[in-house]
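First the structure, in the form of structure tokens, and then the observations on it.
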Amino acid sequence: MNLVSCLKSFSAAICAAVLGLTATGIGTLPAEASESTALTISEVRITEGITEVAVDVTIENNTDGFLATSFGIAYDTRLTFDELEYGNRAGMTHYYASNPSKGILWFSGASGTPSTVANTDEEVMFTLKFTLPENKAMGDYYSVNFFWNAQDNTQAYWYLDDHTNIIGNIQSHAKSGGISFPDPNAPVLSHNSISLGIGTSKTISITNCDSVSWFSDNTSIAVIENGTITGIAEGICYVYAFTGTEMLSCKVTVSEEATYNITETDVIYIRDPDQKVQLLYPDNTLNVTWMSDNTSVVTVASDGLLTVIGNGVATIYATCNGDIQTTRVIVEIPEPVEGLCGDVNQDGIVSIVDVIQINRTILGSETLTTEQQALADAYQDGTVTSKDSLTILKHLVSLIETLPITP
């Protein structure tokens with residue numbers, strides 16, 4: 065396989081933009097502002113044939129808007145700058161001048177009126193398109209960085225609506241980034257980040273690796289075993305795959321909601337009416353339209369959060385830019401128990417005889433009817449286990465006052 069064919073085979077994952085910056089507020093901003101404006105080279109996309117890349121330049125945390133800007137972007141001179149595409153928001157227009165021999169683009173722009181770009185958390189200002197060199201090779205790296213001088217070599221500026229220049233704050237948080245071609249034979253994790261609900265699990269995998277050791281840096285939040293991550297408590301931690309020579313990481317966010325990626329989930333079972341279920345689209349920054357085909361079973365909010373209405377089956381649709389993803393949701397909430405919880409033999413009292421009957425069922429020597437199973441299932445989770453038996457026993461000896469399902 066020649067180099068170009070090899071690169072084509074890995075076009076979905078051969079590059080990423082890593083230039084970004086964040087800020088934590090400065091004295092010139094209003095007291096309520098927790099973050100100041102930030103610039104991010106947020107995404108690199110490779111077109112068919114891997115000859116051209118598109119680099120998005122994004123403004124973030126722009127709650128105060130801006131009146132005028134001037135700054136530059138320096139790029140590797142092995143790249144050829146092709147064109148600039150403007151973002152969708154009115155007032156985002158930036159004019160530019162270029163010096164191809166030095167690999168610099170100078171930008172200047174104005175918002176027109178403060179309201180045109182105010183109060184946006186993340187907006188693509190413009191997209192730069194570059195052609196990669198014909199002799200590109202695996203391991204090459206092409207830098208794309210912010211350049212903090214205007215065309216006349218004076219300091220760049222970024223004026224807010226209150227005429228405050230915050231370029232110093234942006235500049236101090238700048239990080240270099242660019243386009244790279246990694247070794248396709250290097251170990252790769254299937255996920256860089258995942259979201260989980262408490263008590264739910266997801267499995268990540270690693271390719272190009274025969275032996276790997278997994279561990280979590282905070283087992284009170286999430287644990288991992290053989291690549292399967294289970295959420296323990298709300299919070300953020302990292303799980304690691306150690307290959308013997310490399311350490312790969314995956315960010316894990318655990319929340320109260322059970323979280324599912326709709327592109328990776330065929331069916332979701334809900335057996336607890338209080339269970340919160342959050343559906344995610346692969347790119348949460350995209351404009352996604354959510355719909356349930358059976359709102360008598362479950363409804364879905366504009367952010368993908370499900371609300372249980374009743375038992376049954378519904379299909380959830382997520383539509384984005386003409387692409388439609390679906391998953392089935394099956395709601396199976398047990399009906400309220402009629403009779404005394406724990407009274408398996410239905411003699412009107414809960415006794416050690418009921419506990420023995422439950423234990424025999426668990427061991428497989430006895431079978432309960434559907435009605436008896438409902439009475440034995442103290443936790444109403446759809447199964448009869450030793451947890452139910454032990455809980456009923458503790459209730460009998462007064463170690464606990466009431467059962468999970470109150471008679």
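With my numbering as the guide, the letters of the sequence shown map in order to residues 65 to 471.
Where a beta carbon is used, it is the ideal one built from N, C-alpha and C, also for glycine.
Every value quoted in this text rests on a predicted model; they were computed, and no experiment measured them.
Worksheet item: Taking DSSP as the reference, what is the three-state secondary structure of Leu-467?
Response: coil
Discussion item. Comparing C-alpha positions only, which one of Ala-118, Phe-211, Gln-342 sits nearest to Leu-192?
Written reply: Ala-118
Discussion item. Using C-beta distances below 6 Å, list every residue in its chain close to His-255, excluding the 5 sequence neighbours before and after it, in chain order.
Written reply: Ile-268, Cys-314
Worksheet entry | 8 Å Cβ cutoff met for Asp-140 and Gly-242 | yes
Practice prompt. Below 8 Å on the Cβ atoms is my guess for Leu-467 versus Thr-455; work out the distance and round it to an integer in Å.
Written response: 6 Å
Practice prompt. Give me the Cα-Cα distance between Gly-136 and Thr-195, rounded to the nearest whole angstrom.
Written response: 19 Å
Discussion item. Does Thr-447 come out as helix, strand or coil in the three-state DSSP assignment?
Written reply: coil
Discussion item. Contact defined as beta carbons within less than 8 Å: I believe Gly-295 pairs with Thr-264. What is the distance between those atoms, to the nearest angstrom?
Written reply: 6 Å
Fill in: Sufficient close CB pairs (3 or more, under 8 Å) joining the segment 301-309 to the segment 329-336
no
Worksheet item: Is the segment 407-414 close to the segment 378-388, with three or more CB pairs under 8 Å?
Response: no
Worksheet entry | Length of the line joining the Cα atoms of Phe-171 and Thr-115 | 25 Å
Worksheet item: How is Glu-116 classed by DSSP in three states: helix, strand or coil?
Response: strand
Item to complete: Could you name each continuous alpha helix (DSSP H) segment of 4 residues or more that falls completely within the segment 329-384, going from the start of the chain to the end?
Response: none
Worksheet item: Can you tell me whether DSSP reads Ala-132 as helix, strand or coil?
Response: strand
Item to complete: Let me know if Ser-259 comes out buried or exposed under the rule of 16 or more other beta-carbons within 10 Å of its beta-carbon.
Response: buried
Worksheet item: In chain order, what residues of the same chain lie with their CB nearer than 7 Å to the CB of Ser-453, ignoring the 5 residues before and after it?
Response: Val-419, Ile-422, Asn-423, Ile-426
Discussion item. Please list the terminal residues of the continuous alpha helix (DSSP H) segment that includes Ala-305.
Written reply: Here Ala-305 belongs to no alpha helix (DSSP H); instead the beta strand (DSSP E) covers 299-306.
Worksheet entry | Thr-323 classed as buried or exposed, judged by whether at least 16 other C-beta atoms fall within 10 angstroms | buried
Discussion item. Tell me the DSSP secondary structure of Asp-418 in three-state form.
Written reply: helix
Worksheet entry | Residue from Gly-386, Val-377, Pro-346 whose Cα sits closest to the Cα of Gly-368 | Pro-346
Discussion item. As a quick exercise: from Thr-390, Asn-385, Ser-356, pick the residue whose alpha carbon is nearest that of Val-376.
Written reply: The sequence shown places Gly at residue 376, not Val. Measuring from the Cα of Gly-376, the nearest candidate turns out to be Ser-356.
Worksheet item: Between which two residues does the alpha helix (DSSP H) carrying Thr-434 extend?
Response: 434-440
Fill in: Proximity below 8 Å, CB of Ile-231 to CB of Ala-220
yes
Worksheet item: Closest to Trp-212 by CA distance: which of Tyr-443, Thr-434, Ser-134 is it?
Response: Ser-134
Fill in: Secondary structure of His-459, DSSP reduced to three states
helix
Worksheet item: What is the DSSP secondary structure of Thr-294, counted as helix, strand or coil?
Response: strand
Worksheet entry | Identity of the residue in Ser-280, Leu-131, Asp-441 nearest Thr-228 by Cα | Leu-131
Discussion item. Relative to the C-alpha of Ile-397, which candidate in Gln-339, His-459, Asp-120, Ser-462 has its C-alpha closest?
Written reply: Gln-339
Worksheet item: What's the gap between the Cα of Ser-207 and the Cα of Ile-168?
Response: 12 Å
Fill in: Straight-line Cα distance separating Ile-234 from Ile-123
11 Å
Discussion item. So Val-276 and Phe-306 are supposed to be a Cβ contact under 8 Å. How far apart are they, rounded?
Written reply: 7 Å
Item to complete: Whole angstroms is fine: what's the gap from Ile-270's alpha carbon to Glu-320's?
Response: 27 Å
Fill in: Nearest to Gly-291 (by Cα), restricted to the options Val-316, Ser-165, Phe-190
Val-316
Worksheet item: Excluding sequence positions up to five away, which residues of its chain have a Cβ less than 7 Å from the Cβ of Ile-373?
Response: Thr-359, Ser-360, Val-361, Val-362, Thr-363
Practice prompt. Have a look at Cys-273, Glu-435, Val-121 and flag the residue whose alpha-carbon is nearest the alpha-carbon of Leu-253.
Written response: Cys-273
Worksheet entry | Inter-residue CB distance, Thr-391 and Val-331 (contact presumed, cutoff 8 Å) | 7 Å
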